[in-house]
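Structure first, commentary second.
Residue numbers (our numbering), protein chains in the order written: chain X, 1 to 500; chain F, 1001 to 1636.
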């Protein structure tokens, strides 16, 4: 592979951002040009990543498209590469970003140029996370993503945006500092931060537990897991629609990806040791946040809490270390990426029209917005995991997988499925059905063209992957096998050593 | 042909759902009815093919989910059990499509209604044609969704919305059990394909597993979990509360979904899984007891209800109980026969009630009707036929199937068999009483409706009467015609591998007194209820006063709704609120981020004091530190 396609995918949005930065001319001209640049670069990037998917070889388990450049001699190599797991997250990122740009253009009213720069920079950083095969590079991208997100919430957010932005920052920073320490110690212990090398050698058992906890503290916050989830509802509520979409669809997934790639890959013994801990936290998260979601009065908060519950499924799936559980987790992350993005866009549609996120300010919308009601119904069903939507495939596979590891975890996690139906349908009923109580609602217009195409495209994908998830499952198949195999080999090695 | 049967309803749904506005209300109604009717006719042809040629097939449409050793397909599986369901579902569905053209004639959302009906038919067909548990589950939840959409069809009524959500969530509780059952099956069998699972079951008979700290037999546990799912869908006691509320939906919906098809999915599941259930006597006993209890309990409630559709709904609940206890005592074929006949007469009763409601301009309370049988003779006759068939009046279809259940229970010759017989006869009596109460209160006696002039009460239009008439033909004749095929001596050849019997089926003749008992009771109860409810209604009034507590207990449906609100709904809401306010805000946030920032603020406020700016403060601190350091060094 001569053409550095991964570097290209990572840098295209950044280049776009630079172009926007240097555009000059009248206010109007700048705005127009920056919109075109943003749309163009994000769509080109999406097409390029699709091309990457097609040229990706699904039959080999090694990392592909590897690029390696020396950055700091003997210490850090700028190493990129992907496997079946990362490719799907790359597609998700490059797919969601243009959607965010389209929706941002129509709803953001001030500082549009800066906003587009922030989104594009964020895309670059997120793509970097999924491509990097060096711990330091990973760390830089992973934490770098905080800054544009922090700005998006802090500048374009709602009234309590500063509080939320700081809360978001505090929580995530706490975790990342520990991860940085852990990365430094890994370099100290093994003399390398090269992920491919690290995956092949084994870190002594005595270090694994602490290192695992350090990585965990960072991922747990991002995921987010109970009890460090409270930043998420606040961040979502105050973030502009686009911010929420990126946060829910992609940023949260970086933690799940991190668990699979690093926690399992580098510290198998510790992962095995802490599995019950993860299971309990996740089950608590599923039931706790579902109940909390039931009582929310703010639509965005409700969806945010439901995200925590859905990500609880993801973490039990990953740590079930079964084929079904892990594949389910990845499908669940992708599907949640589509569904939660769509749900936040749906809330955004209403917020743009009425400037309110309170459930009580809406009722009987089906009378005036039939197209909206239909598409919202599809996402509601996706969120509650109805068979035929992508949400079901993920949840079902996860539960099948977890059931083989721990019946009781699967049993209690399944309660989340009942509660999920309750809070989603109740939300839907309150805002969509019934009579119109507020006369202002009568003037509401149904979806405009942009909204229509975006939402129906997402709905189509949710249904398509619900009926035919094979393209996704095919892609991750070998890579997941590989992760499980490496994990088992390492773990067995340790166990046999310990027994001797 | 299988593809056409399955996908025509889907096309119909898409056409009227997405293009309904473009092609117009009339055409979308006609097209969807015709498409579903074609599917119905094809099912009948397929039934014939299976019956005559022993045809069976298993077509794989495409792969759904593969993950490691987990594999499931979209499939069409045809055997005798499937074709029976196909005929019931698509035939009755097509009649109801036509009926809806008339019933919904004043509704502004006809294409949407048609689209939901067809979508329901499609989901139900995928349910019955599955060759694996996962597709079954898809259909299972799919019909649940359509039921949700159709119950809440009149979305402006808040009671309809509440009923819709209730139906979905109560069903989810059942599905929770069903899902656990599926997980268990996959965990031990490593497959979800029916034939593979059924073939392996004998090897797991003695397998014990620890489940939630209990030592349980695997087969029993699987059966019980699947049965929880069946209880939810088929509205058996404890999970029945959604069915009466579901009557908020338009009446054709009640006829199709909540009488003929969807609610029988639970029975279908148990019969389909007969190769598993047969190996667990305990699970079968549970099925019998739950079925018996439901049959009796729902019949008692039906005695005192005043809403015409609720009476029929409780009657459905009760009849489903019959089917379950038939399956529980091992008479799967009889359960299927009752399912088959019940579909016709119960759908007829609902359509008849729909005609009554239509004639009374949306009045559903039978206390506000009466004395109109001459005004609406066709409706009257239809309702009489439905009632006769339901109560098991000799030689109508209900007679053959219900009596077969009671006889079979008796021939079991066991405690559970005899109690089932007793409950069966008792419930047959109650059924007769409440059914005739409905007829007499609705059509006889004084005219009690103040809103409508007696002369304005008219029969419904032909488009409603013809489908009802066809169902009435079914209600009269299907029992007689299909008796031999379903439960006769040769019936086991027809069922073939679709139903599994571990032991032999006894064909002993039950004693003659039993054969006469039930028909006699149901016949005698006609004059009895006429006397009690029309001629001398002082008796009922006296009973109501004397046993007021019992009356209220029945009128309030054994207080199940109140109980559930008290045990589940309120506490869950309170817990949710508590966790949010006290858990998230007052604990995690207070001691987490807010706490940290507060402490930092306090420390920095204190730290500010150090920078007083006075030279002598700094000098003092320097001196003090220096002396401490010195002391330390000396003492070391």
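The beta carbon of each residue, even a glycine, is placed where N, CA and C say it ideally should be. As the structure is a computational prediction, the values presented were derived from the model and not from experiment.
| Item | Value |
| --- | --- |
| Through-space distance from residue 69(X) to residue 76(X), alpha-carbon basis | 9 Å |
| Own chain residues within Cβ distance below 8 Å of residue 1484(F), not counting five before or after | 1490, 1491 |
| Sequence ranges, alpha helix (DSSP H) only - wholly within the segment 85-156 of chain X, length at least 4 | 112-131, 135-144, 146-156 |
| Backbone CA spacing between residue 460(X) and residue 318(X) [nearest angstrom] | 27 Å |
| Neighbour flag for residue 471(X) against chain F, beta carbons, 8 Å | no |
| Range of the contiguous beta strand (DSSP E) that encloses residue 79(X) | 76-82 |
| Bridge-paired residues (DSSP) for residue 1193(F) | 1132(F) |
| Residue 1141(F) at chain X interface by Cβ criterion, 8 Å | yes |
| Neighbouring residues, chain F, relative to residue 323(X) (Cβ below 7 Å) | 1067, 1068 |
| Cβ-based burial, residue 1565(F) [other Cβ within 10 Å; buried from 16] | exposed |
| Residue 392(X) versus 376(X), 405(X), 414(X), 96(X), residue with shortest Cα-Cα distance | 414(X) |
| Three-way DSSP call (helix, strand, coil) for residue 1458(F) in this model | coil |
| Residue closest to residue 1030(F), alpha-carbon to alpha-carbon, out of 1068(F), 1062(F), 1110(F), 1071(F) | 1110(F) |
| Counterpart residues of residue 1100(F) in DSSP-defined beta bridges | None; residue 1100(F) has no bridge partner. |
| Of the listed residues 1596(F), 1614(F), 1381(F), nearest to residue 1470(F) (C-alpha basis) | 1381(F) |
| Residues sharing a beta bridge with residue 1078(F), DSSP | 1057(F) |
| Within the segment 413-481 of chain X, ranges of the alpha helix (DSSP H) (whole runs, at least 4 residues) | 449-467 |
| Buried versus exposed, by CB contacts within 10 Å (16 or more), residue 1246(F) | buried |
| Any beta strand (DSSP E) of 3 or more consecutive residues that is wholly inside the segment 1224-1278 of chain F | none |
| Buried or exposed (CB count within 10 angstroms, at least 16 for buried), residue 1608(F) | exposed |
| Sequence-distant residues of the same chain with beta carbon closer than 7 Å to residue 142(X), five excluded per side | 129, 254 |
| Rounded separation between residue 1428(F) and residue 1166(F) - CA only | 30 Å |
| Chain F contact residues for residue 435(X), given Cβ-Cβ distances below 7 Å | 1156 |
| Neighbouring residues, chain F, relative to residue 358(X) (Cβ below 8 Å) | Ordered by position in chain F, no residue passes the 8 Å Cβ test against residue 358(X), which lies about 16 Å from the chain. |
| Near-chain F residues of the segment 42-71 of chain X (beta-carbon distance less than 8 Å), N- to C-terminal order | none |
| Beta-bridge partners of residue 387(X), as assigned by DSSP | 389(X) |
| CB of residue 1292(F) within 8 Å of CB of residue 1325(F), strictly | yes |
| Euclidean distance between Cα positions of residue 162(X) and residue 1312(F) | 60 Å |
| Pair within 8 Å by beta-carbon distance, residue 1133(F) and residue 1180(F) | no |
| Length of the line joining the Cα atoms of residue 109(X) and residue 1467(F) | 59 Å |
| Any chain X beta carbon closer than 8 Å to residue 1129(F) | no |
| Interfacial residues, the segment 277-289 of chain X to chain F, with Cβ spacing under 7 Å | 288 |
| Three-pair Cβ contact test at 8 Å for the segment 218-232 of chain X versus the segment 169-179 of chain X | yes |
| Secondary structure of residue 1365(F), DSSP reduced to three states | strand |
| Through-space distance from residue 286(X) to residue 562(X), alpha-carbon basis | Residue coverage of chain X in this structure runs from 1 to 500, which leaves residue 562(X) outside it and unanswerable. |
| Exposed unless 16 or more other CB atoms sit within 10 angstroms - verdict on residue 1458(F) | exposed |
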